[in-house]
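Here the structure comes first, spelled out in structure tokens, and everything after it is commentary.
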Amino acid sequence: MENNKWLTHFGISLLLVFFLSQRVVCINNIQPVSYYVDTSTGIKTGKGTLREPFSSLTEITSLILNPGDTVFLASGLTFAGSLVLNNVHGTESMPVVITTFYPENKKTEAARIDAKGSSCGVLLTNCSYVKVENLIITANGGQTTYDNGENMTMRCGILVTTTRSGVYGHVVLSGLKIRDVFFEEKGFVRNAEEVRTANGTQHYGWGIRFINEREDASLENLQVLNCEVKNTEHTGIKFTAINKSIKNIRVQDNLVTKTGGPGIQMSGVNGGIVKNNVVDSSGSCDDGRKWGRGSGLWTWSTSDVLIEKNRFLNANGPGDSAGAHIDYNCRNIILQYNFSANNAGGFCEILGNNYNCAYRYNISVNDGYRIKGKDGAFQEGKIFWLSGYVGKDNPRGPFNSYFYNNTIYVKKDIVARFAIAKTSEGICIANNMFIIEGESIEVEGDQYVVDKKGDADERRVFFENNLYLRVGSWPSSVLIHDAKPVYGNPEFHCAGGLALTDYIPSNESLIRDKGTEIKPIAGDTIGLTIGLKVEKDILGNDILGKPDIGAIEM
């Protein structure tokens, strides 16, 4: 009897295992589905097929999307509202894709989502392995409350975010054109004090945002590739997280122009690369709705990000607004092979509580022209600035800042300004060209009186072997001085030009093999995490033997 009972249980178990295995096979064999949305031919009772497409974006929200599914929006058409995906998960080999399709192979303009009056053009919440590509997104003003009467707080072209615990990400945004993103209606004008606040206190429109504000969640492996972000009320591309819970980002081959705030900004990011982007006219004030201030790029509370081969041009604003700057609480931020030109706030800006950050092999042209007190400016523009500012706390650092093999040109009618906080500790300044045609002066750090010059003892400084156009190009009143300065004219091919090759020196004997080896600053056991030695210059030329002075190897 007991044996029969055991056999019965065994038989039931086998049946259960068989049933579950068949269910797994069934799930694994789900075939990817293509869904179509076409406002010109779709009907409310459409099935989402090519012959019977959906008529609006809202029908996509109610779908259960599985790995490999694709949502196609018809080219040449405008889709009002938002495309919302909640808890959608593809796989590495079978992501969920949102893109444009071209009926009858007609190569018209990509599908456009018009999010006027909505909070987002595309919203991804708690999603993984999703691609959004080849779309146009606009969101120019409109209503400021949700249908339930709740107030909106911002408007985004695309928002990727989390609302519950877990690990999300593997999101790719590619080939998108995001433009004209504003929270306020045309004609709105912000008050004069708003631009003086740290990041703005009012409601704004943002281009692309990634936000994780949960301690029990993370957003990982995020990519923004070959996108165009133009004419936004505030920042173009922005990452915001607590406890560095946005991890491993790639921002590459994008064009970001006329943003009312910064072009690209990272807060709470751990790991990534920002490469081959063009950021032009950040901090734009050509519309009263815009914030009117912003560096081409800046980082805050971020670690291990490589920023290379970008162009940062024409940043505007009464404060900050450098080509690219490193705000406080960062580690291992490396800027190399970048071209920076005509940025009001300056070229090199490293704030407090930053460790082992570097500017190397960059070219700066006419940066830092802003004059404090003129046209509402509350900070001086600076070509070189080490600041101890860390918010409302006491200034600390920056620590172990490396600045080498940069080429800096400032035309005659710009006063080149320098500021080094007495809290700076561990400084390497070597092999740079400071080709300053006009006057050079020291200025205070603009933020706290403790940033005034002080005793340089015990500062751990390696400062030598830089090229200056003349004596006085580095102001004598600055805290530290070059122990082995070199003087002369490198004779650039086209000083003031906007091409890298304009800064190839003709006076080769002045700079060829005249650089010094860069070693860790005394007391620094790290140096740079990717190494202090550089194999190539800004043009891709091999560096053989001793380096030259400046960003270009002869």
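Read in the numbering used here, the sequence shown has 621 at position 433, and its numbers run on one by one without any break.
Using N, Cα and C, we set each Cβ at its ideal position, and we do this for glycine too.
Check whether the stretch 667 to 678 and the stretch 505 to 514 are in contact - that is, three or more C-beta pairs closer than 8 Å. With a cut-off of 8 Å, the stretch 505 to 514 and the stretch 667 to 678 do not count as touching, because too few Cβ pairs lie within range.
Cutting at 7 Å between CB atoms, please list the residues of its own chain near G476, excluding the five before and the five after it. The residues are F376, V377, R378.
Taking all protein chains shown into account, decide if S353 is buried (16 or more other Cβ within 10 angstroms of its Cβ) or exposed. With fewer than 16 Cβ atoms within 10 Å of its Cβ, S353 is classed as exposed.
Beta-carbon contacts of P291 that lie in its chain and below 8 Å, excluding the five residues immediately before and after: Within the same chain, and ignoring the five residues on either side of P291 in sequence, the residues whose Cβ sits closer than 8 Å to its Cβ are D226, A262, S263.
Pair within 8 Å by beta-carbon distance, F622 and Y577: With a cutoff of 8 Å on beta-carbon distance, F622 and Y577 are scored as not near each other.
Along the chain, where does the alpha helix (DSSP H) that runs through I699 open and close? Start and end: 696 to 699.
Name the DSSP bridge partner or partners of T326? Within the DSSP secondary-structure output, T326 pairs in a beta bridge with D302, R367.
Could you give the DSSP three-state label for E627: helix, strand or coil? DSSP places E627 outside both helix and strand once states are collapsed to three, so it counts as coil.
In this structure, does DSSP put K640 in helix, strand or coil? Because K640 sits at a pLDDT of 48, beneath the cut-off of 50, its placement in the model cannot be relied upon, and the following sentence gives the value as read from the coordinates. In the displayed model, K640 falls within coil according to three-state DSSP, outside both helix and strand.
Bridge-paired residues (DSSP) for W573: Partner(s): E537, A607.
Using beta-carbon positions only, say whether A618 and Y592 come within less than 8 Å of one another. Here A618 is near Y592, since their CB atoms are less than 8 Å apart.
Looking only at its chain, what residues have a beta carbon closer than 6 Å to the beta carbon of S469, apart from the 5 residues adjacent to it on each side? For S469, where only same-chain residues beyond five positions count, the Cβ hits under 6 Å are T445, K446, N502.
Just verifying my parser: in three-state terms, what is the DSSP assignment at P291? In the three-state reduction of the DSSP assignment, P291 falls in the helix class, which pools H, G and I.
In its own chain, which residues sit with a C-beta less than 6 Å from the C-beta of S306, not counting the 5 before and 5 after it? Take S306, set aside five residues on each side of it, and the residues of its chain with a beta-carbon closer than 6 Å to its own are G269, S270, in chain order.
F527 by DSSP, collapsed to three states: which one? Collapsing the DSSP output to three states places F527 in a strand.
Q219 versus I452: straight-line alpha-carbon distance, rounded: CA-CA distance, Q219 to I452, rounds to 39 Å.
Can you name the start and end residues of the alpha helix (DSSP H) that T332 belongs to? Careful: T332 lies outside any alpha helix (DSSP H) and carries neither H nor E.
Looking at C-alpha atoms only, which residue of T229, R239, H277, M340 is the closest neighbour of L251? From the listed residues T229, R239, H277, M340, the smallest Cα separation to L251 is found for H277.
Are there 16 or more other CB atoms within 10 angstroms of the CB of V285, so buried, or fewer, so exposed? By the neighbour-count rule (16 or more Cβ atoms within 10 Å), V285 is buried.
With a threshold of 8 Å, are at least 3 pairs of Cβ atoms found where one atom belongs to the stretch 418 to 430 and the other to the stretch 520 to 532? With the cut-off at 8 Å, the stretch 418 to 430 and the stretch 520 to 532 do not touch.
Which of the three DSSP states, helix, strand or coil, is assigned to Y557? Under the three-state reduction of DSSP output, Y557 falls in the coil class, being neither helix nor strand.
Can you tell me which of V369, L361, G482 puts its alpha carbon nearest to the alpha carbon of V439? Across the set V369, L361, G482, the C-alpha of L361 shows the shortest separation from the C-alpha of V439.
Where T287 and G363 are concerned, what is the direct C-alpha to C-alpha distance, given to the nearest angstrom? For T287 and G363, the distance between alpha carbons rounds to 10 Å.
Which residue or residues does DSSP assign as beta-bridge partners of L501? D468, A529.
With a threshold of 7 Å on Cβ separation, who are the neighbours of R367 within its own chain once the five nearest residues in sequence on each side are excluded? Residues T326, K418, N419 of the same chain have their beta carbon placed closer than 7 Å to that of R367, with the five preceding and five following residues left out of the count.
Is Y691 helix, strand or coil when you go by DSSP? In this structure, Y691 counts as helix in the three-state DSSP scheme.
To the nearest angstrom, how far is the alpha carbon of V213 from that of E280? In this prediction, V213 has a pLDDT of 37, which is less than 50 and means its spatial position is unreliable; nothing more can be read from the coordinates.
Cβ of D245 within 8 Å of Cβ of F267? What sits at residue 245 in the sequence shown is Leu, not Asp. Contact: yes.
Could you check how far apart the C-beta atoms of E568 and V631 are, in whole angstroms? I think they sit under 8 Å. The beta-carbon distance between E568 and V631, rounded to whole angstroms, is 5 Å. This is short enough to meet the 8 Å contact definition.
Per-residue burial, G728 [other beta carbons within 10 Å of its own, 16 or more giving buried]: G728 is exposed by the Cβ-count criterion.
Within 10 angstroms of its Cβ, does A671 collect 16 or more other Cβ (buried), or is it exposed? Exposed, since its Cβ has fewer than 16 Cβ neighbours within 10 Å.
Between the CA atoms of C315 and E625 - distance to the nearest angstrom: Their Cα atoms are separated by approximately 53 Å.
Determine whether the beta carbon atoms of I740 and I692 lie at a separation below 8 Å. The answer is yes: Cβ separation under 8 Å.
What residue from V412, V649, K570 has the CA that sits closest to E627's CA? Here the closest residue by C-alpha is K570.
Where does T296 fall in DSSP's three states? Three-state DSSP puts T296 in coil, outside helix and strand.
Taking T423 as part of the beta strand (DSSP E), name the residues at either end of that continuous run. Per DSSP, T423 lies in no beta strand (DSSP E) segment and is marked neither H nor E.
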